[in-house]
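Working notes, beginning with the structure itself.
Residue numbers (UniProt numbering): 1 to 206.
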């Protein structure tokens, strides 16, 4: 019979463990390198034993069967960003319908704002990507590439966490079929923005 330590953990339990590691980092119990190492191990954990070894030198309950209730939401000190999976704070959750409405009422100008803001957040969170300024320049000079680049960077967030990519550069192909009827761009935006919102929520954004 499989021991408790050998039972498999769920995504919710991995995320709860990641939140505890983030709280320990914010309290000064872990340095940056140790925080990155343990966070990667938490998301890669398969069994309760994998998670348990991450908390041997930290105070508080350790994963057991049945698993403990998720810890209270982490509340950072003023000026200290809540820990995300990357090196910076989580980005903003943007309701898809509201973004579409803003795009329509501004005759497309909001699209430039959206590309700048999302790429800026991706850069600050993960430490890589093209960033907001280059994304804005790309949208102005060679806008056809923007959907491919954004979907690719969103997919990389999931890939770095060890999960399945809900979108990738190929998702940008949706942008072009039916472009004059706005069907293709709408499908692309719904898929990409929903994936981005899902990631931000998984690392603590509201």
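Using N, Cα and C, we set each Cβ at its ideal position, and we do this for glycine too.
Item	Value
Is the region 160-169 touching the region 52-61, taking contact as three or more C-beta pairs under 8 Å?	no
Using only CA atoms, which one of 185, 24, 5, 198 lies nearest to residue 108?	185
Is it true that the region 116-126 meets the region 146-155, where meeting means three or more beta-carbon pairs spaced less than 8 Å apart?	yes
Assuming the contact rule is C-beta atoms closer than 8 Å, residue 48 and residue 7 should be a hit. Round their C-beta distance to whole Å, please.	6 Å
Which residues share a DSSP beta bridge with residue 8?	47
Would you mind working out which of 176, 20, 14, 25 sits nearest residue 46, comparing C-alpha positions?	14
Going by other Cβ atoms of all chains shown within 10 Å of its Cβ, with 16 needed for buried, is residue 89 buried or exposed?	buried
Determine whether the beta carbon atoms of residue 129 and residue 153 lie at a separation below 7 Å.	yes
From this set, 195, 175, 197, which residue's C-alpha is nearest residue 188's C-alpha?	175
Can the beta-carbon of residue 24 be found closer than 7 Å to that of residue 30?	yes
Any idea if residue 38 is buried or exposed, counting beta-carbon neighbours within 10 angstroms, 16 or more meaning buried?	buried
Residue 41 to residue 9, Cα distance in whole Å?	13 Å
Within 10 Å of its beta-carbon, does residue 206 have 16 or more other beta-carbons around it, so buried, or fewer, so exposed?	exposed
Over the uninterrupted alpha helix (DSSP H) stretch that includes residue 192, give me the two end residues.	183-202
Roughly how many whole angstroms lie between the Cα atoms of residue 93 and residue 32?	26 Å
Just to confirm the assignment, what range does the alpha helix (DSSP H) spanning residue 120 have?	109-126
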